[in-house]
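Please read the structure below before turning to the comments.
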Amino acid sequence: MKRKIVSALVCAAMVATMVAGCGSSDSAATTTDATEETTDDAAADDAAAADDTAASGDVITIGFAQVGHESDWRTASTQSCQDVFSTENGYDLQFVDCDNDSAVQLEAVRGFIEQDVDYIIIDPIVSTGWDTVLTECEDAGIPVIVIDRTIDDSDKYVSWVGSNFNTEGLAAGEWLKAYAEAKNIDELNILVIEGSTGASATIGRTEGFKEIADREGWTILDSQSGDFTQDGGQEVMESYCKSYEGQFNVVICQNDNEAFGAMDAMTAAGVSYGVDGDVILVSFDACTAGLEFVMSGDINADFECNPLAAPFVEEVIQTIEAGGTPEKEVYMEEHWFVNEDILTSITVDGAEQALTVVTQEVVDAQY
């Protein structure tokens with residue numbers, strides 16, 4: 059590991075010089091008081107040198123190539139890293155917002171290699187095209203930690219920290235099945251607003267939900283990308299409202315910001331949604347604003363994707379610093395949030411998972 063270490067030898071030399079200076083008094087005799095004063099000064103200097111070394115000698119430099127700033131979730135993810143990897147905590151964080159541009163992200167990583175950082179964190183915009191640059195990181199001896207989205211064409215990273223997107227999609231499907239049964243809804247005609255094309259979150263949520271839809275014989279009328287943005291969600295939903303007027307009763311949005319846009323579009327088109335509406339609205343991420351809409355009944359259910367990866371990433375780094383080998387995959391705990399208490403749990407992949415009814419206390423505790 060490369061480290062910005064300030065040598066204690068300089069400080070020790072300064073202490074020795076100061077001690078020698080105190081000993082060369084005009085008086086041939088050295089009094090007890092003078093000796094004690096010299097000893098005290100040296101001890102104080104030693105303590106100051108130790109403090110300086112601790113403060114400047116253990117700095118860990120991290121390069122973070124973030125997807126962008128397209129959503130509330132992304133903002134929370136960035137803030138988590140900035141809070142944990144702060145100067146006060148002994149880190150030097152080099153941050154690049156790649157603005158959803160894969161080429162910019164690859165160049166950001168190469169820039170971190172040139173800077174000779176200690177660790178690189180990547181939240182990959184797309185899941186492929188990574189093997190070459192990760193090989194460059196490996197050759198430079200820089201450990202790479204991947205968060206949130208996954209990399210599918212290379213394993214040259216020490217750990218991935220994030221969510222099981224397929225499980226999120228499965229959970230949304232299982233909840234919709236149980237909810238429809240509880241509400242005596244016999245037919246489901248579904249519109250999906252996907253996330254960014256090629257993103258592992260999009261792929262996992264799409265495949266997980268479709269698995270349940272195919273099993274249950276539901277009709278997915280259409281599935282288009284809203285690019286994980288509010289504007290994208292609104293644009294796609296506006297098109298849906300015209301093309302499928304009166305034909306749909308479920309809208310699945312693959313993140314909260316898309317759901318906010320879809321809500322605006324449906325409101326403008328005179329389509330009612332949510333707990334008391336004609337359309338069941340499902341979202342993912344469960345940011346604070348998303349949960350507020352769950353609590354108000356505008357969104358029926360919201361499936362959490364935890365953005366606060368930084369504390370888990372720090373554990374990976376601490377394991378490496380201690381000479382250990384971290385886990386290759388680190389999954390974070392997540393929750394499923396609903397407005398109504400007609401269901402207490404769902405079964406996903408054979409495991410019973412609780413549903414959390416959103417209250418103000420739940421909203422206040424969220425990111």
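For the working numbering, add 58 to where a residue sits in the sequence shown, where the first one is 1.
Using N, Cα and C, we set each Cβ at its ideal position, and we do this for glycine too.
Small disclaimer: the values here were computed from a predicted structure and weren't measured.
Next item on the list: Please report how far the alpha carbon of residue 228 lies from the alpha carbon of residue 117, in whole angstroms.
Entry: For the purposes of this step, residue 228 is taken as residue 170 along the sequence shown, with counting starting at 1. For the purposes of this step, residue 117 is taken as residue 59 along the sequence shown, with counting starting at 1. Between residue 228 and residue 117, the C-alpha separation is close to 42 Å.
Notebook entry, point to check: What's the gap between the Cα of residue 237 and the Cα of residue 243?
Noted result: What you label residue 237 is simply residue 179 of the sequence shown in a count that begins at 1. What you label residue 243 is simply residue 185 of the sequence shown in a count that begins at 1. The alpha-carbon of residue 237 is positioned some 8 Å away from that of residue 243.
Next item on the list: Measure the alpha-carbon distance for residue 399 versus residue 226 and round it to whole angstroms.
Entry: To locate residue 399, count along the sequence shown from 1; it is residue 341. To locate residue 226, count along the sequence shown from 1; it is residue 168. Looking at the two C-alpha atoms, the distance is approximately 20 Å.
Next item on the list: Tell whether a beta-carbon distance below 8 Å holds between residue 390 and residue 220.
Entry: The residue labelled residue 390 in the question sits at position 332 within the sequence shown. The residue labelled residue 220 in the question sits at position 162 within the sequence shown. Yes; because the gap between Cβ atoms is below 8 Å, this pair is in contact.
Check: So, do the region 306-325 and the region 335-353 have three or more beta carbon pairs nearer to each other than 8 Å?
Finding: As far as the Cβ criterion goes, the region 306-325 touches the region 335-353, which means the pair count is three or higher.
Item checked: Cα-Cα separation, residue 310 to residue 249 -> For the purposes of this step, residue 310 is identified with residue 252 of the sequence shown, where counting begins at 1. For the purposes of this step, residue 249 is identified with residue 191 of the sequence shown, where counting begins at 1. Between the alpha carbons of residue 310 and residue 249 lies a distance of about 6 Å.
Margin query: Can you tell me whether residue 84 is buried or exposed? The criterion is at least 16 other CB atoms within 10 Å of its CB, across all chains shown.
Written below: Numbered from its first residue, the sequence shown carries residue 84 at position 26. Note that residue 84 scores 35 on pLDDT, short of 50, meaning its location in the model is unreliable and no value can be drawn from it.
Notebook entry, point to check: What three-state label does DSSP hand residue 313 in the structure shown?
Noted result: Taking the sequence shown and counting its residues from 1, the one referred to as residue 313 is at position 255. Residue state for residue 313 is assigned as coil, using DSSP reduced to three classes.
Note to self: Helix, strand or coil for residue 95? Go by DSSP, reduced to three states.
What the structure shows: Your numbering for residue 95 matches position 37 in the sequence shown. The pLDDT assigned to residue 95 is 40, lower than 50, so where the model puts this residue is not dependable, and the model offers no usable value.
Check: Cα-Cα, which of 165, 234 and 305 is closest to residue 333?
Finding: Your numbering for residue 333 matches position 275 in the sequence shown. Ranking the options by Cα distance to residue 333, first place goes to 234.
Note to self: For the region 371-383 against the region 199-212, do three or more pairs of beta-carbon atoms, one drawn from each stretch, fall closer than 8 Å, so that the two count as touching?
What the structure shows: Taking 8 Å as the limit for Cβ pairs, the verdict is that the region 199-212 does touch the region 371-383.
Checklist line | Exposure label - residue 252; buried when at least 16 CB within 10 Å | finding: Counted from its first residue, the sequence shown places residue 252 at position 194. When all chains shown are included, residue 252 counts as buried.
Margin query: Within a Cβ cutoff of 7 Å, which residues of the same chain sit near residue 282, ignoring the five residues on either side of it in sequence?
Written below: Against the sequence shown, residue 282 aligns to sequence position 224. When the five nearest sequence neighbours on each side are left out, the beta carbons in the same chain lying within less than 7 Å of the beta carbon of residue 282 are those of 251, 252 and 294, in order along the chain.
Note to self: With three or more C-beta pairs closer than 8 Å as the rule, is the region 186-201 touching the region 140-156?
What the structure shows: Too few Cβ pairs lie closer than 8 Å, so no.
Note to self: Buried or exposed, going by whether 16 or more other CB atoms sit within 10 Å of the CB of residue 365?
What the structure shows: Taking the first residue of the sequence shown as 1, we reach residue 365 at position 307. Buried.
Check: What residues in its chain sit with their C-beta under 6 Å from that of residue 344, if we drop five residues either side in the sequence?
Finding: On the sequence shown, position 286 is the one that residue 344 refers to. Leaving aside the five residues that flank residue 344 on each side, the residues in its chain whose CB is nearer than 6 Å to its CB run, in chain order, 360, 362 and 395.
Next item on the list: Between the Cα of residue 299 and those of 157, 141 and 279, spot the shortest distance and give me the residue it belongs to.
Entry: Position 241 of the sequence shown, counting from 1, holds the residue named residue 299. Closest option to residue 299, judged by alpha-carbon separation, among 157, 141 and 279: 279.
Check: With 16 as the cutoff for other CB atoms within 10 Å, does residue 177 come out buried or exposed?
Finding: Working through the sequence shown from its first residue, we reach residue 177 at position 119. Classification for residue 177: buried.
Check: Taking the continuous beta strand (DSSP E) assigned at residue 413, which residues delimit it?
Finding: Position 355 of the sequence shown, counted from the first residue, corresponds to residue 413. Unbroken beta strand (DSSP E) run through residue 413: 409-415.
Checklist line | C-alpha gap between residue 247 and residue 336, whole angstroms | finding: If you number the sequence shown from 1, residue 247 lands on position 189. If you number the sequence shown from 1, residue 336 lands on position 278. The straight-line gap from Cα to Cα measures roughly 12 Å.
Check: With distances taken from CA atoms, which of 129, 128 and 122 is nearest residue 142?
Finding: For this step, residue 142 is matched to residue 84 along the sequence shown. Among 129, 128 and 122, the Cα nearest to that of residue 142 belongs to 122.
Margin query: If we require 3 or more residues per run, which beta strand (DSSP E) segments fall completely within the region 332-409?
Written below: Runs of the beta strand (DSSP E) inside the region 332-409: 338-343, 359-362, 387-389, 394-396 and 403-406.
Next item on the list: Consult DSSP for residue 177 and reduce its assignment to one of helix, strand or coil.
Entry: Counting from one through the sequence shown, the residue named residue 177 turns up at place 119. Strand.
Check: If you compare alpha carbons, which of 125, 182, 120 and 129 is closest to residue 284?
Finding: Mapped onto the sequence shown, residue 284 falls at position 226. Residue 129 holds the alpha-carbon nearest to the alpha-carbon of residue 284 among 125, 182, 120 and 129.
Next item on the list: For residue 402, count neighbouring Cβ atoms within 10 angstroms of its own Cβ and tell me buried if that reaches 16, exposed if not.
Entry: On the sequence shown, residue 402 is found 344 positions in, with the first residue counted as 1. So residue 402 ends up on the exposed side.
Check: Excluding five sequence neighbours on each side, which residues of the same chain lie with their C-beta closer than 8 Å to the C-beta of residue 408?
Finding: Locating residue 408 in the sequence shown gives position 350, counting from the first residue. Closer than 8 Å at Cβ, skipping near neighbours: no residue.
Next item on the list: Give the DSSP-derived three-state secondary structure of residue 220 in the structure shown.
Entry: By 1-based counting over the sequence shown, the position of residue 220 is 162. Strand.
Notebook entry, point to check: When the Cα of residue 185 is compared with those of 172, 158 and 168, which residue comes out closest?
Noted result: Residue numbering aside, residue 185 sits at position 127 when the sequence shown is read from its first letter. The residue with the shortest Cα to Cα distance from residue 185 is 158.
Next item on the list: Please state if the CB of residue 144 and the CB of residue 386 are separated by a distance shorter than 8 Å.
Entry: Here residue 386 is taken as the residue at index 328 of the sequence shown, counted from 1. Here residue 144 is taken as the residue at index 86 of the sequence shown, counted from 1. Cβ atoms of residue 386 and residue 144: not closer than 8 Å.
Checklist line | Where residue 304 falls: helix, strand or coil (DSSP) | finding: Counting from 1 along the sequence shown, the entry for residue 304 is found at position 246. Here DSSP, grouped into helix, strand and coil, assigns residue 304 to coil.
Next item on the list: Would you list the residues sitting across from residue 262 in a DSSP beta bridge?
Entry: In the sequence shown, counting from the first residue as 1, residue 262 sits at position 204. According to DSSP, which records beta bridges pairwise, residue 262 is partnered with nothing at all.
Note to self: Looking at the secondary structure, which residues open and close the beta strand (DSSP E) in which residue 280 lies?
What the structure shows: For the purposes of this step, residue 280 is identified with residue 222 of the sequence shown, where counting begins at 1. Where residue 280 is concerned, the enclosing beta strand (DSSP E) stretches over 277-283.
Notebook entry, point to check: Beta carbon of residue 256, beta carbon of residue 290: below 8 Å?
Noted result: Position 198 of the sequence shown holds residue 256. Position 232 of the sequence shown holds residue 290. One thing to note: residue 256 has its Cβ no nearer than 8 Å to the Cβ of residue 290.
Margin query: As a quick exercise: from 370, 397 and 263, pick the residue whose alpha carbon is nearest that of residue 418.
Written below: Within the sequence shown, the letter at position 360 stands for residue 418. By alpha-carbon distance to residue 418, the top candidate from 370, 397 and 263 is 397.
Next item on the list: Helix, strand or coil for residue 189, going by three-state DSSP, please let me know.
Entry: To locate residue 189, count along the sequence shown from 1; it is residue 131. Residue 189 carries a helical assignment under DSSP once its states are collapsed to helix, strand and coil.
Checklist line | Which of helix, strand or coil DSSP assigns to residue 286 | finding: Translated into the one-based positions of the sequence shown, residue 286 becomes position 228. If DSSP states are grouped into helix, strand and coil, residue 286 belongs with coil.
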